[in-house]
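Asks: So that we are looking at the same thing, I have put the structure below in structure tokens.
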């Protein structure tokens, strides 16, 4: 990515209370971007502010923490309005990072959890984007980066609800890219692998296979794989660094796969016959 850089002057980041979201806020601010950092729990703003100060960022000047539960239309509209008022010149970059993970095998996951997964990871992205778009269209420019996952390209067992939401985000982002191109607005989709974000430790902590589940043995093996991946994963700051690089490009691509092993895995799915790829996945997960 050794091309000319155009650092956005203003940004709004959702899910900024930790992980990739928090690190993205800090690194954007360090680059000179004024950032509206949106989070469901305002109490987490202290942690973000302290982390920013530790990184040498003037949080008072470059960061404004705002309350936003991305599943609340009222909070979305209020936060976007306050962000636009504080930023003055509008929101140049939107990073849709907020999300969570529901784990489990399909037969064991109740419908209410499926609905919550899709509401947070898909519908909320559309809702926040809708709130920001009028300002971007009026200016005739802007960038929207949706934080997706390799699970939006490959459906692993035990990841069904999460994969469904990220596959949906792939389609949403691709359609939106076409829709906004005439207005000078670029849509970018990050296809991230495992990073130390806590999303799976939180999501899988609440996941379980019932004692009578036909999938209990497979579920436990998937949990062991998730644990191994989390322990070997790079810091969230590395993903944030790449987000800052990508969003500073004048003409970014639609998709950016990032993270250890992501590109080879996607290439394997694209080139290998399905029966071989399927066997590779099974060997990786079921040891």
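Residue numbers (UniProt numbering): 1 to 287. For glycine and all other residues, C-beta sits at the position ideal for the given N, C-alpha and C. What you are looking at is a predicted structure, and each value in this text was computed from that prediction instead of being measured.
Might you give, ordered along the chain, the residues of its own chain that have their beta carbon closer than 6 Å to the beta carbon of residue 267, omitting 5 neighbours on each side?
Replies: Looking up residue 267 in the chain shown gives position 267. Counting only Cβ-Cβ distances below 6 Å, and skipping sequence neighbours, we find nothing.
Asks: Checking 8 Å against the spacing of the C-beta atoms, do residue 99 and residue 32 come in under that value?
Replies: Working through the chain shown from its first residue, we reach residue 99 at position 99. Working through the chain shown from its first residue, we reach residue 32 at position 32. No, Cβ-Cβ distance for residue 99 and residue 32 is not below 8 Å.
Asks: Under the DSSP definition of a beta bridge, which residues are partnered with residue 289?
Replies: Because the chain is modelled from 1 through 287, residue 289 falls outside the range shown and cannot be assessed.
Asks: Look at the alpha carbon of residue 80 and the alpha carbon of residue 132, and state the distance between them as a whole number of angstroms.
Replies: Sequence index remark: in the chain shown, residue 80 carries index 80 (1-based). Sequence index remark: in the chain shown, residue 132 carries index 132 (1-based). Rounded to the nearest angstrom, the two C-alpha atoms are 7 Å apart.
Asks: Does the distance from the CB of residue 87 to the CB of residue 243 come in under 8 Å?
Replies: Numbered from its first residue, the chain shown carries residue 87 at position 87. Numbered from its first residue, the chain shown carries residue 243 at position 243. No, these two residues do not count as a Cβ contact at 8 Å.
Asks: Near residue 214, which residues of its chain fall below 8 Å by C-beta distance, leaving aside the five closest residues on each side in sequence?
Replies: Working through the chain shown from its first residue, we reach residue 214 at position 214. Around residue 214: 107.
Asks: So for residue 96, helix, strand or coil by DSSP?
Replies: Here residue 96 refers to the residue found at position 96 of the chain shown. In the structure shown, residue 96 sits in a strand (DSSP, three-state: E or B).
Asks: For residue 11, which residues does DSSP report across the bridge?
Replies: Here residue 11 corresponds to residue number 11 of the chain shown, with the count starting at 1. Paired residue(s): 35, 93.
Asks: Which of helix, strand or coil does DSSP assign to residue 81?
Replies: Here the question's residue 81 lines up with position 81 in the chain shown. Residue state, collapsed to three classes: helix.
Asks: With three or more C-beta pairs closer than 8 Å as the rule, is the stretch 55 to 67 touching the stretch 106 to 122?
Replies: The stretch 106 to 122 vs the stretch 55 to 67: no contact.
Asks: Using only CA atoms, which one of 190, 6, 257 lies nearest to residue 92?
Replies: Taking the first residue of the chain shown as position 1, residue 92 is located at position 92. Considering only alpha carbons, the answer is 6.
Asks: With H, G and I counted as helix, E and B as strand and the rest as coil, what does DSSP make of residue 143?
Replies: The residue given as residue 143 occupies position 143 in the chain shown. Strand, per DSSP.
Asks: Considering Cα atoms alone, identify which of 49, 128, 134, 225 is closest to residue 71.
Replies: Stepping through the chain shown from its first residue, residue 71 is reached at position 71. Residue 128 is the option with its Cα nearest to residue 71.
Asks: Cα separation between residue 183 and residue 137?
Replies: In the chain shown, residue 183 corresponds to position 183, counting from 1. In the chain shown, residue 137 corresponds to position 137, counting from 1. If you take the alpha carbons of residue 183 and residue 137, they lie about 6 Å apart.
Asks: Check residue 149 in the structure and name its three-state DSSP category.
Replies: By 1-based counting over the chain shown, the position of residue 149 is 149. It is a strand residue.
Asks: Does the Cβ-Cβ distance between residue 105 and residue 209 come in under 8 Å?
Replies: Translated into the one-based positions of the chain shown, residue 105 becomes position 105. Translated into the one-based positions of the chain shown, residue 209 becomes position 209. In this structure, residue 209 lies closer than 8 Å to residue 105 by Cβ.
Asks: Is the beta carbon of residue 13 less than 8 Å from the beta carbon of residue 121?
Replies: Counted from its first residue, the chain shown places residue 13 at position 13. Counted from its first residue, the chain shown places residue 121 at position 121. Against a cut-off of 8 Å, the Cβ pair of residue 121 and residue 13 comes out as no contact.
Asks: What residue does the beta strand (DSSP E) around residue 228 start on, and which one ends it?
Replies: Locating residue 228 in the chain shown gives position 228, counting from the first residue. Counting along the chain, residue 228 falls outside any beta strand (DSSP E), though it belongs to the alpha helix (DSSP H) covering 216 to 232.
Asks: For a quick check, are the C-beta atoms of residue 109 and residue 161 less than 8 Å apart?
Replies: Walking along the chain shown from the start, residue 109 turns up at place 109. Walking along the chain shown from the start, residue 161 turns up at place 161. Yes; because the gap between Cβ atoms is below 8 Å, this pair is in contact.
Asks: May I have the straight-line CA-CA distance separating residue 41 from residue 22, to the nearest angstrom?
Replies: Looking up residue 41 in the chain shown gives position 41. Looking up residue 22 in the chain shown gives position 22. Using only the alpha carbons, I get a separation of about 13 Å.
Asks: How is the beta strand (DSSP E) around residue 16 delimited, first residue to last?
Replies: Within the chain shown, residue 16 is the residue found at index 16, counting from 1. No beta strand (DSSP E) holds residue 16; DSSP gives it neither H nor E.
Asks: If you reduce the DSSP assignment to three classes, tell me which class residue 161 lands in.
Replies: Taking the first residue of the chain shown as 1, we reach residue 161 at position 161. Of the three classes helix, strand and coil, the one that applies to residue 161 here is helix, per DSSP.
Asks: Would residue 264 be called buried (16 or more neighbouring beta carbons within 10 Å of its own) or exposed?
Replies: Here residue 264 refers to the residue found at position 264 of the chain shown. Exposed, by the Cβ-count rule.
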